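Visitor: Numbering (full-length UniProt numbering), first residue to last: 1 to 635.
1) Following the continuous beta strand (DSSP E) through residue 638, name the residue where it begins and the one where it ends.
2) Quick one: complete beta strand (DSSP E) runs, 3+ long, within the segment 465-494?
3) Roughly how many angstroms separate the alpha carbons of residue 370 and residue 400, rounded to a whole number?
4) How is residue 80 classed by DSSP in three states: helix, strand or coil?
5) Considering only the alpha carbon of each residue, which of 301, 104 and 177 lies closest to residue 266?
6) Among 7, 377, 344 and 471, which has the Cα closest to the Cα of residue 397?
7) Are three or more beta carbon pairs between the segment 20-27 and the segment 222-239 nearer than 8 Å?
8) Please report the distance separating the alpha-carbon of residue 390 from that of residue 198.
9) Put residue 406 into one of helix, strand or coil per three-state DSSP.
10) Starting from the Cα of residue 224, find the closest Cα among 238, 209, 249 and 210 and give me that residue.
11) Taking Cβ to Cβ, would you say residue 106 is nearer than 8 Å to residue 499?
12) With distances taken between CB atoms, is the gap from residue 477 to residue 441 smaller than 8 Å?
13) Quick one: what does DSSP say residue 522 is sitting in, helix, strand or coil?
14) Answer yes or no: do residue 456 and residue 412 have a C-beta to C-beta separation smaller than 8 Å?
15) Residue 356 bridges to which residues according to DSSP?
16) Find out if the Cβ-Cβ distance for the pair residue 196, residue 359 is shorter than 8 Å.
17) Any idea if residue 133 is buried or exposed, counting beta-carbon neighbours within 10 angstroms, 16 or more meaning buried?
18) Following the continuous alpha helix (DSSP H) through residue 123, name the residue where it begins and the one where it ends.
19) From what residue to what residue does the beta strand (DSSP E) around residue 333 run?
20) May I ask you to verify whether the segment 573-581 touches the segment 620-628, counting CB pairs closer than 8 Å and requiring at least 3?
21) Less than 7 Å between C-beta atoms, sequence neighbours within five positions excluded: which residues of the same chain meet that for residue 41?
22) Does DSSP put residue 218 in a helix, in a strand, or in coil?
23) How many whole angstroms separate the CB atoms of residue 181 and residue 65, which I take to be in contact at a CB cut-off of 8 Å?
24) Hey, how far is the Cα of residue 362 from the Cα of residue 151?
25) Give me the Cβ distance between residue 147 and residue 67, rounded to the nearest whole Å; I'm assuming they're in contact under 8 Å.
26) For residue 68, list the residues DSSP reports as bridge partners.
27) Using a Cβ-Cβ cut-off of 8 Å (strictly less than) and excluding sequence neighbours within five positions of residue 489, which residues of its own chain qualify?
28) Contact between the segment 374-386 and the segment 446-453: three or more CB pairs below 8 Å?
29) Going by the CB atoms, is the gap between residue 628 and residue 592 shorter than 8 Å?
30) Output the distance between the C-alpha atoms of residue 298 and residue 263, rounded to the nearest integer angstrom.
31) Take residue 473 and list the residues in its own chain whose beta-carbon comes closer than 8 Å to its own, dropping the five residues that flank it on each side.
32) Based on the DSSP secondary-structure assignment, which residues constitute the bridge partners of residue 238?
33) Check the DSSP bridge columns for residue 1 and list the partner residues they point to.
34) Starting from the C-beta of residue 552, find all residues in its chain whose C-beta is less than 7 Å away, skip the five residues before and the five after it, and write them out in chain order.
35) Assuming residue 343 contacts residue 329 (C-beta within less than 8 Å), just tell me the rounded distance between them.
36) What number of angstroms, rounded off, separates the C-alpha of residue 185 from the C-alpha of residue 501?
Laid out in structure tokens, this is it:
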């Protein structure tokens, strides 16, 4: 489907990658991985045709459709969520518009015997058939399914796209790509703006995707759950294996160990041969043997060991001083933005040494509560910090907290105290900002580099309570592993907001779910939370109630009632599906009758009334089917 041959890209005389070759075929779900700056996003842009390589070729089969989820998107203002999502159906919308024009002509024109009128009848038949082939009768329902899956609620479908944050607009763009009949999907960090529930839904969708998927992601669990192949770009080379990410890492480590062992054995033999050559050179009678050994040595293919980029950050979060037993106490905290209440009457007590994870859908108040703790805005209620508490705050939107016009070194020096100002260069070096890098302006940094700088700056202040809001955004997998290890070793109190399940594993002993303006406590880690919520799919975490402890008799009764309800819903669904099929057959028959013998029906007002009534009834049944299906999934 897509062949990449000897692809090379260089910047300033240095190769980003050189002579990379691979092939993508149907069913490939590729995780394109590597450190920040390795060239992953550049590779996606080349595959999409946005960027030309210095050398190499890309060959695609004819009529291959490709969709690319870019990090920078631009919406046309004035469209609703649904209208923007419908932009995925360019061909359907064109045909739909044409059908509307034809139907208008059929109603308004009276030259029934003319050739032009006969042509209109033929056009109606042709366009109706094309509309059906393109899936015109299903696109409205498909759009709602995708939007609901990505976390949108029905009540916001008619809201203007400009009223949404960048993260939600990215979801709309993702929805459009998933709705298109693309043969190849290129996804650049698709989980960056998704919550856990939506990530799980997207995993399920992509696992069943028939075409090629190429994903750039630093979410290890997402890659393991979706991909069946991994291509890592490292130090200008590409390493390609038909394995998900974790299995690939194990396999590549084993291969490298074998390479090292084989290289060691070869080096030993070469050394022995070189000693013999030196020994034989000294004797005239052995000169011919020495020459023979030299020729033999020249023919040896020297074994090379795959290079590995092991440069990582060096992070330690020291505890400044021991605080009191209670570090944060929130009482009746309520926060609203205009008419919209985000948090309502929140009470929370955080004790010294707690490791707490905040989870829940985007917009449910996790970041809002963190910002309330650091007193970033006014709110109702009261939040008290305990004795000797020294907060360290890592904000999700780092761009707003870093001055883009000053250098990295100046950023650190401005935030430093007299006691640590002399250490800022060493600190920057431990976060991989070395040499002339420290003189760069902040505005030229990538998202991952900004996060590293923000983490480095955080260490300049005394801390015993860490508030971390999405600290892994834009960090590569190795950097996330280093950060996770540092936070696990942190001896103070940690409040962590994250949607990265792999990162959250083993990080907390307490989980708070933010939902519907409230919080709910789970005494365990992220795995315990997911088990308790019985999250078989992404929607259950939002809609299912927590399981109640019941007696065996009550449990049996509840089970029987659930089965009875489930059977009734299935019967209802079957009935609706049967009605939909019958109506679709009736409408198709009416379309054929109109196309073949319009004169007979033009004066029959009852026919057109019945025809339009069937179409309206079909739209209603499709909506009923959606609602029943949704109810079944949440039963």
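From the three backbone atoms N, C-alpha and C, an ideal C-beta is built for every residue, glycine too. All values reported here derive from a predicted model rather than from experimental measurement.
Guide: Let me lay it out:
1) Because the chain here runs from 1 to 635, residue 638 falls outside it and cannot be looked at.
2) Scanning the segment 465-494 from its first residue to its last, the whole beta strand (DSSP E) runs of 3-plus residues come out as 465-469.
3) Here residue 370 refers to the residue found at position 370 of the chain shown. Here residue 400 refers to the residue found at position 400 of the chain shown. For residue 370 and residue 400, the gap between their C-alpha atoms comes out near 16 Å.
4) The residue you call residue 80 lines up with position 80 of the chain shown. Strand.
5) In the chain shown, the residue the question calls residue 266 occupies position 266. When the alpha-carbon of residue 266 is set against those of 301, 104 and 177, the nearest one is in 301.
6) For the purposes of this step, residue 397 is identified with residue 397 of the chain shown, where counting begins at 1. It is 471 whose Cα lies nearest to the Cα of residue 397.
7) The segment 20-27, when compared against the segment 222-239, does touch it at the 8 Å Cβ threshold.
8) Numbered from its first residue, the chain shown carries residue 390 at position 390. Numbered from its first residue, the chain shown carries residue 198 at position 198. For the pair residue 390 and residue 198, the Cα-to-Cα distance works out to about 35 Å.
9) Along the chain shown, one-based indexing puts residue 406 at 406. Three-state result, residue 406: coil.
10) In the chain shown, residue 224 corresponds to position 224, counting from 1. Checking every option, the nearest Cα to that of residue 224 belongs to 249.
11) Taking the first residue of the chain shown as position 1, residue 106 is located at position 106. Taking the first residue of the chain shown as position 1, residue 499 is located at position 499. For residue 106 and residue 499, no; Cβs fall outside 8 Å.
12) Here the question's residue 477 lines up with position 477 in the chain shown. Here the question's residue 441 lines up with position 441 in the chain shown. It is not a contact, given that the beta carbons lie outside the stated cut-off.
13) Position 522 of the chain shown, counted from the first residue, corresponds to residue 522. Reduced to three states, the DSSP call for residue 522 is strand.
14) Reading the chain shown from its first residue, position 456 is the one you call residue 456. Reading the chain shown from its first residue, position 412 is the one you call residue 412. Yes, Cβ-Cβ distance for residue 456 and residue 412 is below 8 Å.
15) Locating residue 356 in the chain shown gives position 356, where the first residue counts as 1. Residue 356 pairs with 495 and 510.
16) Against the chain shown, residue 196 aligns to sequence position 196. Against the chain shown, residue 359 aligns to sequence position 359. Yes, the pair counts as a contact, with Cβ atoms nearer than the cut-off.
17) Reading the chain shown from its first residue, position 133 is the one you call residue 133. Exposed, by the Cβ-count rule.
18) Here residue 123 is taken as the residue at index 123 of the chain shown, counted from 1. 115-133 is the extent of the alpha helix (DSSP H) around residue 123.
19) Within the chain shown, residue 333 is the residue found at index 333, counting from 1. For residue 333, the enclosing beta strand (DSSP E) starts and ends at 326-337.
20) Touching, per the Cβ criterion.
21) For this step, residue 41 is matched to residue 41 along the chain shown. Result list for residue 41: 188 and 216, in chain order.
22) On the chain shown, residue 218 is found 218 positions in, with the first residue counted as 1. If DSSP states are grouped into helix, strand and coil, residue 218 belongs with coil.
23) Your numbering for residue 181 matches position 181 in the chain shown. Your numbering for residue 65 matches position 65 in the chain shown. Contact flag correct, Cβ pair sits at about 6 Å.
24) Numbered from its first residue, the chain shown carries residue 362 at position 362. Numbered from its first residue, the chain shown carries residue 151 at position 151. Roughly 8 Å between the two C-alpha positions.
25) Numbered from 1 along the chain shown, position 147 holds the residue referred to as residue 147. Numbered from 1 along the chain shown, position 67 holds the residue referred to as residue 67. A Cβ-Cβ separation of about 17 Å leaves residue 147 out of contact with residue 67 under the 8 Å criterion.
26) Here the question's residue 68 lines up with position 68 in the chain shown. Residue 68 is bridged by DSSP to 186.
27) Position 489 of the chain shown holds residue 489. If we look at residue 489 and ignore the five residues flanking it on each side, its Cβ neighbours are 316 and 317.
28) Because the criterion of three Cβ pairs below 8 Å is not met, the segment 374-386 and the segment 446-453 do not touch.
29) On the chain shown, residue 592 is found 592 positions in, with the first residue counted as 1. On the chain shown, residue 628 is found 628 positions in, with the first residue counted as 1. Cβ distance not < 8 Å, so residue 592 and residue 628 don't count as in contact.
30) Here the question's residue 298 lines up with position 298 in the chain shown. Here the question's residue 263 lines up with position 263 in the chain shown. Here the C-alpha atom of residue 298 lies approximately 16 Å from the C-alpha atom of residue 263.
31) Along the chain shown, one-based indexing puts residue 473 at 473. Within the same chain, residue 473 has close Cβ partners 192, 396, 447 and 451.
32) For the purposes of this step, residue 238 is taken as residue 238 along the chain shown, with counting starting at 1. Looking at the DSSP output, residue 238 sits in a beta bridge with 233.
33) Translated into positions along the chain shown, residue 1 becomes position 1. The partner list for residue 1 (beta bridge, DSSP) is empty, contrary to what the question assumes.
34) By 1-based counting over the chain shown, the position of residue 552 is 552. The predicted position of residue 552 is uncertain, since its pLDDT is 44 and thus under 50; no value can be drawn from it.
35) The residue given as residue 343 occupies position 343 in the chain shown. The residue given as residue 329 occupies position 329 in the chain shown. That pair is no contact at about 16 Å.
36) The residue given as residue 185 occupies position 185 in the chain shown. The residue given as residue 501 occupies position 501 in the chain shown. Using only the alpha carbons, I get a separation of about 24 Å.
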